[in-house]
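Protein chains in written order, with full-length UniProt numbering: chain U, 1 to 430; chain G, 1 to 430. Glycine included, C-beta positions come from ideal geometry on N, C-alpha and C. Here the structure is laid out as C-alpha cells; the discussion comes afterwards.
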C-alpha cells in the first residue's frame, strides 16, 4: 500500500477538511446544504447528461431494466434529491449536544458532548441519489465523507460530486469535505478498507456480498447494514384480521427492501384458523409460500402456491414475492427459530396477549421488535429521524435505523479550578 | 479454522448462555455477583496456591519484579477484588433503560431500550484481577464473557474462573456465562478474533502491540483501548502555580498509566516565566525532560535533566519519568501539534482565558479535554461510573472511560394496534 496512492491522498485531504468542518456552527453547515440544493437544480442538465452515459453503458452491457431504472436520473428525480437536502437543513444539528453532564463530588464538571466522527467512508451500489443523501447527512453532522459508489454510476457520481464540491466551496467550506474515491477499480475499495487512522468508519450499503467483503477485510471500524430476514410471528391468541393485514403489509407492500418479511411463524393453536385466511390473502398478492409440513397440509384446496420449504428457505432474504412459513408449538419455539435463522433486523408478533407481547420483546434480540405492527416500519423516516444513512444490524455503536446522531461520537470535557488527583487505588489498566 | 475447535465451541456455549442471561432481572444477576464475592473469599487459599505456581514460573523465567508484582495474588488482594465485585452489585443495571421513547404521529409507540451486547471477549495481559473485574461487569450488564488472559497467568486465571463459574451455577445461572478461553497458545487469540457471529465485541486491554494485533486481525468488532500520549498545554494567560501543579500531577503522580501526561506544550508568551518553575519542579520529581530548542535554552542553569527531543519523543508513550516539552507560538499551534502526535486520549489546557478554554475544547479531538484539571482524571472511577472495563480511544460505540452502559447495545420496540405502512417514497436502501 503506497503512502501516496490517490485513495490515501484523498483520505488525508478529508482528514484535514474534517478538522476545519468539525467546530463550525449549524448556520455554516446549513448554508452549504442550501447551496448544494440550489446547485443541483441549477446544474441539473449537466448531471443528467453524465447520467445518460452511465445509463447507455449499462443498457449496452445488458443490465436488467430494473437496475437501469435505479441508476437513471431525470430533472424530476434531481429536484426530489434537492428537496431531500433541504429536509436535512431542517433537522437539528447533533453536534454539541450534551449527552450527559454532572458535577463530581470534588467539584469537577464533567460534560459528555456529541462531536463528529471525523471521516466517514460510504461504499454503496447503483443508486446515485445515495451520493447526495450521504454527503448531506455527513456534512450536517460535521463529517467529511469519502464516497465510493459503484463503477456503473461513476460518471453520474463524478458529475454530482463536482456540483456538491463547488457549492460547498462557494459557501466558504473546504471542498474536500466531500470527495469521490478516485478510480473505479476494486483496489480503491481495498485501500479504503485499510485506511485505519485516516478514515474513522466505513458504512457499506448494498448487497450481502459487498457487506461481507467490507466486514471481513476492513481494519477501519465498520457499521454493518441492512441484511434483512424478518419474521412475522402470529401468536396463539391473536386478532386474525390484524394478523393477515400485518403479514401482507410486511411481506408484500414492497418486496425488495430489507425490512420486508421473509418468514411467517404461526402458533399451532391458531394455525387451523389462521392459515386458510393467510394463504388466500397471500395468493391474491401473488406470493409463493415455502411451507413446512403443517403449512403444506393446510394448503390443500387453497388457491395459494405452496412448495415444500428447505433449510435454505429459513435463512433466505428473498427480496421477492416469496415467503417461508412454518407452524411452531409455542412462542418459545418461535423465538428459537428466530434466534437460529434471523439476520437480527426486525421481527413482529401479532398477539392479543400482554404476557406474550412482553415475553417476545424480552427474548427476541433484533434491532427492532414490532408488536402488532408491520416489519416495514423499521426505517429512519418512519421512526421520525427525518433522514437515514442506513440500518445497522450490528450491536456496536448503532443498531437499527441510523440518523444524524448515529453519525457522531462524543468527547468528555472536564473543567476544574486546578484540580489534581490524589493518591488512590489505581483502576486504570492502560 | 475448524468448526469444532475448543475456542469456537466455547464461544457457542457462551452464545447460548448469553440468551438465558439477557432477559434476567437485576436481582438474579446481583445474587450471582454476591455469590462470586463470597466464593472468592471462601476459596482464597486455592486461588493463591495456583497463583504461586504462576509467580514461581515467572520468576524462574527471569521476569522483572514489577511484572511479577502485578501478577501476584495474596489473601488481601483477593479480598479487595471481592470488595470490588460487591461494588458492582451496588451499581444500577443498565439493561432495560429506555434511552429514547416517543409516540409517532400515526400512534406507534417507539422505545429504544438498552440490551446486553451478547458475548464479549476480553483479551488482556498479566493482572489476574482483570479476570474478576471483567467477568463481574459483563455479568451485571447481561453479557456472557470469554476471558483470554496472558499465558503467564494461566493457572491463576483457571483457578479464578473455576471459582466464578461454581458461584454463578450455585446462584442458578448458566456457568457458561463466564469462560476462560481454552489454551495458552497465540492461536486461541486468532480464533477469537475470527469468531464473527459468535462473539459480538472484542476488547483488548494491554500494551500497544497487543491492541494493534487485535485491531488489525479481527473480523469481530473491536473496541480499541488505552494508548495514551497525553498533553498538557500551558496557555499564554495562565495561573503559573496551577500550571505547575497540574503538570506535575499529570506527569508524575503515577507514570505507568495511560492517562499520565507525556508531553508539555508551553505558549511562547509565558515560557520565560513558566519554564524555570516547571523545570525545577520536574527536577525535584525526578523527571527527565526531552526538550525542543527553546526548552533547552530555558534549561541552562536549571537543576533539571534536559536532553534534546527528536520526533520520536513527540509520539512517545513513555510510561516513565520522562516528558517531552516544546514551546509553541500559539494555541492553534498547540492544537496542531496535538492533532499530529497525540493518541487522542486526554489533553489538558491550563488557562485563565475563557476564550482560550472554549477554543481549545472545540478544536481538540480527544476522548477527554481537561480545562484546568489534571489529565489523570480520565478514569471510570474518577468520572463516577463506579467501575471501568477500559478506556476507549476509538470513536465508534464508546469513547473515553467505559462503564456498564458502554457494555450494552439497544433495540427498538415498536408497538401498535395493527399498524401497517402506507404507500410512500421509499428511503430504505437495504
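Minimum Cβ-Cβ distance from residue 188/U to chain G less than 8 Å: Taking the first chain and counting its residues from 1, the one referred to as residue 188/U is at position 188. No - not a single Cβ of chain G is within 8 Å of the one on residue 188/U.
C-beta atoms of residue 352/U and residue 117/U nearer than 8 Å: As a working mapping, residue 352/U is identified with position 352 in the first chain. As a working mapping, residue 117/U is identified with position 117 in the first chain. Cβ atoms of residue 352/U and residue 117/U: not closer than 8 Å.
Residue 276/G versus residue 302/G: straight-line alpha-carbon distance, rounded: Within the second chain, residue 276/G is the residue found at index 276, counting from 1. Within the second chain, residue 302/G is the residue found at index 302, counting from 1. Looking at the two C-alpha atoms, the distance is approximately 7 Å.
Interface partners of residue 337/U on chain G, CB under 7 Å: Along the first chain, read from residue 1 onward, the residue named residue 337/U stands at position 337. Neighbours of residue 337/U on chain G: none; closest Cβ ~13 Å, over 7 Å.
Within-8 Å CB hit, residue 433/U to chain G: Residue 433/U cannot be examined here, being either before or after the span of chain U that is shown, 1 to 430.
DSSP beta-bridge partners of residue 225/G: Taking the second chain and counting its residues from 1, the one referred to as residue 225/G is at position 225. Residue 225/G pairs with 392/G.
Beta carbon of residue 248/U nearer than 8 Å to that of residue 285/U: Mapped onto the first chain, residue 248/U falls at position 248. Mapped onto the first chain, residue 285/U falls at position 285. In this structure, the beta-carbon distance from residue 248/U to residue 285/U falls below 8 Å.
8 Å Cβ cutoff, residue 193/U in contact with chain G: Against the first chain, residue 193/U aligns to sequence position 193. Closer than 8 Å: no.
Cβ shell of residue 291/G (< 6 Å), same chain only, five flanking positions each side left out: As a first step, residue 291/G is located in the second chain; it is residue number 291 there, counting from the start. Excluding five sequence positions before and after residue 291/G, the CB atoms of its chain that fall closer than 6 Å to its own CB belong to 306, 309 and 325, given in chain order.
Simplified DSSP assignment, three categories, for residue 154/G: Position 154 of the second chain, counted from the start, is the residue given in the question as residue 154/G. Of the three classes helix, strand and coil, the one that applies to residue 154/G here is helix, per DSSP.
Among 52/G, 30/G, 336/G and 111/G, nearest to residue 73/G - alpha-carbon criterion: Locating residue 73/G in the second chain gives position 73, where the first residue counts as 1. Among 52/G, 30/G, 336/G and 111/G, the Cα nearest to that of residue 73/G belongs to 52/G.
Partner residues on chain G for residue 399/U, Cβ-Cβ distance less than 7 Å: The residue given as residue 399/U occupies position 399 in the first chain. Within chain G, the residues placing a beta-carbon under 7 Å from that of residue 399/U are 409, 410 and 411, ordered along the chain.
Contacting residues, own chain, Cβ-Cβ under 6 Å from residue 368/G (five flanking each side not counted): Your numbering for residue 368/G matches position 368 in the second chain. Here the set comprises 346, 378 and 400.
Presumed contact (8 Å Cβ cut-off) between residue 361/U and residue 250/U, rounded CB distance: Your numbering for residue 361/U matches position 361 in the first chain. Your numbering for residue 250/U matches position 250 in the first chain. Not quite, the Cβ-Cβ distance comes to about 17 Å (not below 8 Å), so this is no contact.
Residues sharing a beta bridge with residue 290/G, DSSP: Within the second chain, the letter at position 290 stands for residue 290/G. In DSSP, residue 290/G forms a bridge with 307/G and 324/G.
When 418/U, 70/U, 38/U and 373/U are compared against residue 230/U, the one with the closest alpha-carbon: Counting from 1 along the first chain, the entry for residue 230/U is found at position 230. Checked all of 418/U, 70/U, 38/U and 373/U; the closest Cα to residue 230/U is 373/U.
Beta carbon proximity, residue 1/U to chain G, threshold 8 Å: Along the first chain, one-based indexing puts residue 1/U at 1. Interpretation of residue 1/U is limited by its pLDDT of 44, a score under 50 that renders its predicted location unreliable; no figure is taken from the coordinates.
C-beta atoms of residue 89/G and residue 41/G nearer than 8 Å: Along the second chain, one-based indexing puts residue 89/G at 89. Along the second chain, one-based indexing puts residue 41/G at 41. Cβ atoms of residue 89/G and residue 41/G: not closer than 8 Å.
Opening and closing residue of the alpha helix (DSSP H) in which residue 354/U lies: Taking the first chain and counting its residues from 1, one reaches residue 354/U at position 354. Here the alpha helix (DSSP H) through residue 354/U covers 354 to 363.
In chain order, each alpha helix (DSSP H) run of at least 4 residues that lies wholly inside the stretch 107 to 150 of chain U: Counting only runs that start and end inside the stretch 107 to 150 of chain U, the alpha helix (DSSP H) elements of at least 4 residues fall at 129 to 140.
Short Cβ contact (8 Å threshold) for residue 178/G with residue 201/G: Translated into the one-based positions of the second chain, residue 178/G becomes position 178. Translated into the one-based positions of the second chain, residue 201/G becomes position 201. No, the pair does not count as a contact, with Cβ atoms beyond the cut-off.
Identity of the residue in 316/G, 114/G, 107/G and 83/G nearest residue 405/G by Cα: Indexing the second chain from 1 puts residue 405/G at position 405. The shortest Cα separation from residue 405/G among 316/G, 114/G, 107/G and 83/G belongs to 114/G.
Start and end residues, alpha helix (DSSP H) containing residue 248/U: Here residue 248/U corresponds to residue number 248 of the first chain, with the count starting at 1. Counting along the chain, the alpha helix (DSSP H) containing residue 248/U begins and ends at 240 to 252.
DSSP beta-bridge partners of residue 402/U: For the purposes of this step, residue 402/U is taken as residue 402 along the first chain, with counting starting at 1. Partner(s): 390/U.
One or two residues paired with residue 230/U in a DSSP bridge: Along the first chain, read from residue 1 onward, the residue named residue 230/U stands at position 230. Partner(s): 261/U.
Cut-off 7 Å between Cβ atoms - residues of its own chain near residue 188/G, not counting five sequence neighbours on either side: Here the question's residue 188/G lines up with position 188 in the second chain. Residues 7, 148, 181 and 182 of the same chain have their beta carbon placed closer than 7 Å to that of residue 188/G, with the five preceding and five following residues left out of the count.
Members of the stretch 220 to 245 of chain U that neighbour chain G once the beta carbon cut-off is set at 9 Å: Legend: CB atoms of the stretch 220 to 245 of chain U lying less than 9 Å from CB atoms of chain G belong to residues 221, 222, 223, 224, 225, 226, 227, 228, 239, 241, 242, 243 and 245.
Whether residue 323/U touches residue 287/U by CB criterion (8 Å): Translated into the one-based positions of the first chain, residue 323/U becomes position 323. Translated into the one-based positions of the first chain, residue 287/U becomes position 287. Yes, the pair counts as a contact, with Cβ atoms nearer than the cut-off.
Beta-carbon proximity of residue 350/U to residue 241/U, cut-off 8 Å: The residue given as residue 350/U occupies position 350 in the first chain. The residue given as residue 241/U occupies position 241 in the first chain. Their beta carbons are not under 8 Å apart, which means residue 350/U does not touch residue 241/U by this criterion.
Chain G within 8 Å of residue 97/U, Cβ atoms only: Indexing the first chain from 1 puts residue 97/U at position 97. Taking 8 Å as the threshold, the shortest C-beta distance from residue 97/U to chain G does not fall below it.
Cα-Cα separation between residue 54/G and residue 260/G, rounded to whole angstroms: On the second chain, residue 54/G is found 54 positions in, with the first residue counted as 1. On the second chain, residue 260/G is found 260 positions in, with the first residue counted as 1. About 30 Å.
Delimiting residues of the beta strand (DSSP E) encompassing residue 471/U: An answer regarding residue 471/U cannot be provided, because it is not within the stretch 1 to 430 covered by chain U.
Residues within the stretch 242 to 271 of chain U neighbouring chain G, beta-carbon criterion of under 7 Å: Listed by position, the residues of the stretch 242 to 271 of chain U near chain G (Cβ gap below 7 Å) are 242, 245, 246, 249, 253, 254, 257, 258 and 259.
Three-way DSSP call (helix, strand, coil) for residue 348/U in this model: Within the first chain, the letter at position 348 stands for residue 348/U. Looking at residue 348/U - three-state DSSP - the assignment turns out to be strand.
Chain G residues whose Cβ lies nearer than 8 Å to that of residue 54/U: Walking along the first chain from the start, residue 54/U turns up at place 54. Here the premise fails: no neighbours, minimum Cβ distance about 19 Å.
Residue 417/U in three-state terms, based on DSSP: Your numbering for residue 417/U matches position 417 in the first chain. Residue state, collapsed to three classes: strand.
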